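S.K.: Please see the structure below; I have some questions.
2 protein chains.
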Amino acid sequence: METRELRYFVAVAEELHFGRAAQRLGIAQPPLSRTISQLERRLGAVLLERTSRTVSLTEAGAVLLREARAALDAVEAAERRTRRAALAASGRAGAVLASKAGASSELLAKLLDSYAAEPDAVTIEVLLCGIGEQERLLRDGRADVALLHLPFDATAGLDTEELCTERQVAILPAGHPLTGRPHVHMAEVTGLPDLPMPRWPGRDGKYPDGPGPQARDHAQLLQLIALGRACWIAPESCRAQLRDDLVAVPVLDAPTVTTVIAWPPHSRSRAVAGLVRTATRL
Amino acid sequence: METRELRYFVAVAEELHFGRAAQRLGIAQPPLSRTISQLERRLGAVLLERTSRTVSLTEAGAVLLREARAALDAVEAAERRTRRAALAASGRAGAVLASKAGASSELLAKLLDSYAAEPDAVTIEVLLCGIGEQERLLRDGRADVALLHLPFDATAGLDTEELCTERQVAILPAGHPLTGRPHVHMAEVTGLPDLPMPRWPGRDGKYPDGPGPQARDHAQLLQLIALGRACWIAPESCRAQLRDDLVAVPVLDAPTVTTVIAWPPHSRSRAVAGLVRTATRL
DNA sequence: GCCCAGCGATACCGCAGGGGTATCGATCCC
DNA sequence: GGGATCGATACCCCTGCGGTATCGCTGGGC
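Protein sequences, first through last, are from chains A and B.
Position 250 of the first sequence, counting from 1, maps to 263 under my numbering, and the rest follow consecutively.
Position 11 of the second sequence, counting from 1, maps to 24 under my numbering, and the rest follow consecutively.
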């Protein structure tokens with residue numbers, strides 16, 4: 014199977030429409046139809062059920078969609094990592110570290126400082142990204158290593174080392190009645206009708222249903238809390254970055270957050286190994 | 014990048030010889046040279062250092078070799094799993110489970126029995142394989158799920174669930190002085206000059222250096238022990254399969270062995286999910 | 001020191017196959 | 001029933017992959 018065939022199939026499987034898929038791929042519809050038929054013949058499996066009005070995935074097609082995405086990610090990763098290795102050899106950027114924007118910035122700063130002091134340190138490019146994006150970045154080679162936060166991020170298929178564990182705090186607008194308390198419980202925070210939890214967009218860019226306001230990033234989130242429209246629960250290390258108009262109160266029964274450093278299991282380059290070693294020594 | 018290019022590159026990178034690589038690929042040498050040059054030009058990276066006598070990998074080439082193998086495994090897995098899904102849909106085999114030959118056969122039997130009793134059970138094909146082979150089988154799609162034994166097998170890049178933990182026993186020939194003891198310590202077993210540990214072939218098929226006799230599989234191993242030429246340390250569940258001329262003695266300070274069920278993280282099919290669920294309930 | 005063997009690169013050719021246009025056949029909607 | 005929509009088919013062109021012949025370089029043998 015060639016990656017071209019996989020790319021074509023993924024396009025059709027996602028669009029469920031040969032015409033649109035062909036447009037997306039920048040080719041005409043007939044060669045696309047032909048390629049898919051060839052793929053089906055070679056695999057000995059019907060991948061798509063076509064009536065002349067609708068296209069739908071068969072069981073085997075669903076499997077191939079899942080597997081093809083993974084395989085294409087791996088191919089893309091190979092390409093990106095090779096390019097990066099060539100740059101590294103010629104003295105340019107060494108590795109890319111992905112971290113959630115706004116999270117654990119002090120840990121990140123300490124890590125980068127300590128690593129830079131290592132004798133064989135290379136340049137580390139930092140890629141700040143959205144929630145849950147790190148796994149994809151690692152899989153398709155845009156990043157070599159990432160900081161994840163359990164239990165929020167999935168670590169399936171990644172190698173990890175634990176770095177630190179911390180409790181969580183509730184972020185509330187200054188002046189809210191609860192801010193006078195030395196600590197609170199989950200139920201007291203999640204049950205506030207006037208301060209619901211904001212909703213985050215999922216991977217598809219859509220917001221889940223619910224009562225809370227919509228927030229796209231950290232700045233919006235903090236703004237919403239300051240405006241008295243929402244509250245939030247976050248690792249206590251975020252206290253260092255809090256604005257004056259926000260107050261953090263420890264939540265006694267919130268799950269603790271563990272920050273881990275993660276990398277794709279088979280690709281432990283010198284730069285990644287050095288970063289991991291430095292991180293575990295912090 | 015097309016898989017054809019990756020296959021070609023891997024062949025050259027492994028042979029470090031264009032002629033032999035071309036032969037292995039079943040093509041002539043010139044198109045191979047051309048394809049590699051094109052690949053290098055497109056990546057903007059020198060992958061191979063050629064003098065007219067020798068070929069060697071550059072840094073970037075080593076990275077691509079590693080990544081290309083992973084990517085090709087993923088593509089192969091996509092192909093195999095799709096074929097299998099098509100067969101499953103037409104009522105044939107449902108999933109392939111890999112397990113070390115001769116290991117934890119009672120657990121395996123219980124698992125297969127319990128799973129078969131599930132309402133939505135499909136046919137499970139069992140693939141008995143050699144030491145350390147399971148990871149590769151899972152990665153390239155020849156197997157969907159495997160039984161692994163920690164700390165011997167690597168679980169990097171796999172999702173796992175623990176099934177059971179057991180102590181280890183020393184396997185000795187009947188009549189050996191230590192067989193009268195209720196238990197022994199590691200040092201007493203590993204230090205026996207007359208009963209060294211057998212050597213196993215690695216992934217490359219070669220035997221490591223050392224004093225012990227060479228063994229290729231379980232039967233040979235047991236035969237060697239019965240002959241008084243070797244001893245072995247194994248999980249205690251293997252007692253059930255022991256021949257009369259062998260004796261198992263608990264080893265107090267041997268590391269415990271944990272059997273886990275493992276599967277590739279992104280591909281949790283219905284059959285795999287069912288097997289895992291059944292296994293954790295045992 | 002010269003020549004030959006071995007190896008990768010280059011030049012050139014033929015054709016399989018990937019991509020394009022035109023069109024057909026089927027289905028849904030008004 | 002006619003038009004619109006969509007995937008499949010027929011046919012053509014040309015890219016690009018693979019083949020053969022050959023070159024250029026290098027190391028080793030005499």
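Even for Gly, the Cβ is constructed at its ideal location relative to N, Cα and C.
These numbers come from a predicted model, not from an experiment.
#1: Name the chain B residues whose beta carbon is nearer than 7 Å to that of Glu131 (chain A)?
#2: Return helix, strand or coil for Lys113 (chain B), following the three-state DSSP convention.
#3: Check the DSSP bridge columns for Ser46 (chain A) and list the partner residues they point to.
#4: Counting beta carbon pairs with one atom in the stretch 181-199 of chain A and one in the stretch 152-172 of chain A, are three or more of them shorter than 8 Å?
#5: Going residue by residue through the stretch 171-211 of chain B, where are the continuous beta strand (DSSP E) segments of at least 3 residues, counting only ones entirely within it?
#6: Looking only at C-alpha atoms, which of A:Leu56, A:Glu92, A:His196 and A:Thr71 sits nearest to Arg79 (chain B)?
#7: Kindly indicate the opening and closing residues of the beta strand (DSSP E) around Val260 (chain A).
#8: Under the three-state reduction of DSSP, which class applies to Ala101 (chain B): helix, strand or coil?
#9: Throw me the rounded Cβ distance for the Ala187 (chain B) and Pro211 (chain B) pair, which I believe falls under 8 Å.
#10: Per DSSP, what are the beta-bridge partners of Pro248 (chain B) in this structure?
#11: Using C-beta distances below 6 Å, list every residue in its chain close to Val158 (chain A), excluding the 5 sequence neighbours before and after it, in chain order.
#12: Going along chain B in order, which residues have a C-beta closer than 8 Å to the C-beta of Ala275 (chain A)?
#13: By the 10 Å Cβ neighbour count, where 16 or more other Cβ atoms means buried, how is Ser112 (chain A) classified, buried or exposed?
#14: Let me check understanding here. Comparing Cα to Cα, which of A:Pro164, A:Ser280 and A:Leu70 lies closest to Glu179 (chain A)?
#15: Starting from Ala275 (chain B), trace the alpha helix (DSSP H) both ways and give me its first and last residue.
#16: Can you find the residues in the same chain that come closer than 6 Å, C-beta to C-beta, to Thr293 (chain B), ignoring five residues on each side of it along the sequence?
#17: Taking the continuous beta strand (DSSP E) assigned at Leu161 (chain B), which residues delimit it?
#18: Which residues in the same chain as Trp213 (chain B) place their Cβ atom closer than 7 Å to its Cβ, once the five residues preceding and following it in sequence are excluded?
#19: Quick test of your reading: Thr67 (chain A) and Ala73 (chain B), contact by CB under 8 Å. State the CB separation rounded to the nearest angstrom.
#20: Taking Cβ-Cβ distances shorter than 8 Å, what residues in chain B pair up with Val306 (chain A)?
#21: Enumerate in chain order the residues of its own chain whose CB-to-CB distance from Asp230 (chain B) is below 7 Å, with the five nearest sequence positions on each side excluded.
#22: Taking Cβ positions, are Ala58 (chain B) and Ala87 (chain A) nearer each other than 8 Å?
#23: Hey, out of B:Gly241, B:Leu150, B:Val197 and B:Gln236, whose CA is closest to Pro206 (chain B)'s CA?
#24: Along the stretch 186-203 of chain A, what residues have a CB closer than 8 Å to any CB found in chain B?
#25: Let me check understanding here. Comparing Cα to Cα, which of A:Leu255, A:Leu161, A:Pro278 and A:Tyr220 lies closest to Val270 (chain A)?
#26: Name the chain B residues that come within less than 9 Å of Leu77 (chain A), Cβ to Cβ?
#27: At 7 Å on the CB atoms, spell out the chain B contacts of Glu72 (chain A), in chain order.
#28: Measure how close the beta-carbons of Leu60 (chain A) and Thr71 (chain A) come, nearest whole angstrom, since I'm counting them as under 8 Å.
#29: Taking the beta strand (DSSP E) that Ile137 (chain B) belongs to, which residues open and close that run?
#30: Quick one: is Arg152 (chain B) buried, meaning 16 or more other Cβ sit within 10 Å of its Cβ, or exposed?
#31: Would Ser127 (chain A) and Leu295 (chain A) qualify as a contact pair, given that the criterion is a beta-carbon distance under 8 Å?
#32: Which one or two residues does DSSP pair with Ser69 (chain A) in a beta bridge?
#33: Who does Gln227 (chain B) pair with in a DSSP beta bridge?
#34: Go ahead and label Arg4 (chain B) buried or exposed: buried means 16 or more other beta carbons lie within 10 angstroms of its beta carbon, across all protein chains shown.
#35: If you run the structure through DSSP and keep just helix, strand and coil, what is Ala243 (chain B)?
M.R.: Looking at the coordinates:
#1: Locating residue 131 (chain A) in the first sequence gives position 118, where the first residue counts as 1. The premise fails here: Glu131 (chain A) is roughly 19 Å from chain B at the closest Cβ pair, so nothing lies under 7 Å.
#2: What you label residue 113 (chain B) is simply residue 100 of the second sequence in a count that begins at 1. If DSSP states are grouped into helix, strand and coil, Lys113 (chain B) belongs with the strands.
#3: Position 33 of the first sequence, counted from the start, is the residue given in the question as residue 46 (chain A). Paired residue(s): none; Ser46 (chain A) is not in a bridge.
#4: no
#5: Whole beta strand (DSSP E) segments, 3+ residues: 172-179 and 181-186.
#6: Numbered from its first residue, the second sequence carries residue 79 (chain B) at position 66. The shortest Cα separation from Arg79 (chain B) among A:Leu56, A:Glu92, A:His196 and A:Thr71 belongs to A:Glu92.
#7: Within the first sequence, residue 260 (chain A) is the residue found at index 247, counting from 1. First-last of the beta strand (DSSP E) with Val260 (chain A): Leu259 to Pro263.
#8: Here residue 101 (chain B) corresponds to residue number 88 of the second sequence, with the count starting at 1. Helix at Ala101 (chain B).
#9: As a working note, residue 187 (chain B) is residue 174 in the second sequence. As a working note, residue 211 (chain B) is residue 198 in the second sequence. 18 Å between Cβ atoms; not a contact.
#10: Start at 1 with the first residue of the second sequence, and residue 248 (chain B) comes out as number 235. Bridge partners of Pro248 (chain B): B:Gln181.
#11: Within the first sequence, the letter at position 145 stands for residue 158 (chain A). Same-chain partners within the cutoff: Leu110, Trp276, Val285 and Leu288.
#12: Translated into positions along the first sequence, residue 275 (chain A) becomes position 262. Chain B residues near Ala275 (chain A): none, gap ~11 Å exceeds 8 Å.
#13: In the first sequence, the residue the question calls residue 112 (chain A) occupies position 99. Result: buried.
#14: Walking along the first sequence from the start, residue 179 (chain A) turns up at place 166. If we check each option's Cα against that of Glu179 (chain A), A:Pro164 comes out closest.
#15: In the second sequence, the residue the question calls residue 275 (chain B) occupies position 262. Segment Val270 to Trp276 is the beta strand (DSSP E) holding Ala275 (chain B); no alpha helix (DSSP H) there.
#16: What you label residue 293 (chain B) is simply residue 280 of the second sequence in a count that begins at 1. Taken in chain order, the residues that qualify are Glu174.
#17: The residue you call residue 161 (chain B) lines up with position 148 of the second sequence. Where Leu161 (chain B) is concerned, the enclosing beta strand (DSSP E) stretches over Val158 to Leu163.
#18: Locating residue 213 (chain B) in the second sequence gives position 200, where the first residue counts as 1. So the qualifying residues of the chain are Ile144 and Ala228.
#19: As a working note, residue 67 (chain A) is residue 54 in the first sequence. As a working note, residue 73 (chain B) is residue 60 in the second sequence. Wrong, their Cβ atoms sit about 46 Å apart, outside the cutoff.
#20: This structure leaves residue 306 (chain A) out entirely; chain A is present only between 14 and 295.
#21: Looking up residue 230 (chain B) in the second sequence gives position 217. Excluding sequence neighbours, Asp230 (chain B) sits near Ala114.
#22: For the purposes of this step, residue 58 (chain B) is taken as the residue at position 45 of the second sequence. For the purposes of this step, residue 87 (chain A) is taken as the residue at position 74 of the first sequence. The criterion of a C-beta distance shorter than 8 Å is not satisfied by Ala58 (chain B) and Ala87 (chain A).
#23: The residue labelled residue 206 (chain B) in the question sits at position 193 within the second sequence. Closest option to Pro206 (chain B), Cα to Cα, is B:Gly241.
#24: none
#25: Taking the first sequence and counting its residues from 1, one reaches residue 270 (chain A) at position 257. Answer by Cα proximity: A:Leu161.
#26: Residue 77 (chain A) sits at position 64 when you count from the first residue of the first sequence. Near Leu77 (chain A) (Cβ distances below 9 Å), the residues of chain B are Ala91, Glu92, Arg94, Thr95 and Ala98.
#27: The residue labelled residue 72 (chain A) in the question sits at position 59 within the first sequence. Under the 7 Å cutoff, chain B gives Ala98 and Ala102.
#28: The residue given as residue 60 (chain A) occupies position 47 in the first sequence. The residue given as residue 71 (chain A) occupies position 58 in the first sequence. Contact flag correct, Cβ pair sits at about 6 Å.
#29: For the purposes of this step, residue 137 (chain B) is taken as residue 124 along the second sequence, with counting starting at 1. Taken as a continuous stretch (DSSP letters only), the beta strand (DSSP E) holding Ile137 (chain B) covers Ile137 to Cys142.
#30: To locate residue 152 (chain B), count along the second sequence from 1; it is residue 139. Looking at its Cβ environment, which holds 16 or more other Cβ atoms inside 10 Å, Arg152 (chain B) is buried.
#31: Residue 127 (chain A) sits at position 114 when you count from the first residue of the first sequence. Residue 295 (chain A) sits at position 282 when you count from the first residue of the first sequence. Yes, Cβ-Cβ distance for Ser127 (chain A) and Leu295 (chain A) is below 8 Å.
#32: For the purposes of this step, residue 69 (chain A) is identified with residue 56 of the first sequence, where counting begins at 1. In DSSP, Ser69 (chain A) forms a bridge with A:Glu62.
#33: Residue 227 (chain B) sits at position 214 when you count from the first residue of the second sequence. Note: Gln227 (chain B) sits in a beta bridge opposite B:Arg212.
#34: This structure cannot speak to residue 4 (chain B), because chain B is shown only from 14 to 295.
#35: If you number the second sequence from 1, residue 243 (chain B) lands on position 230. The answer is coil: DSSP assigns Ala243 (chain B) none of H, G, I, E or B.
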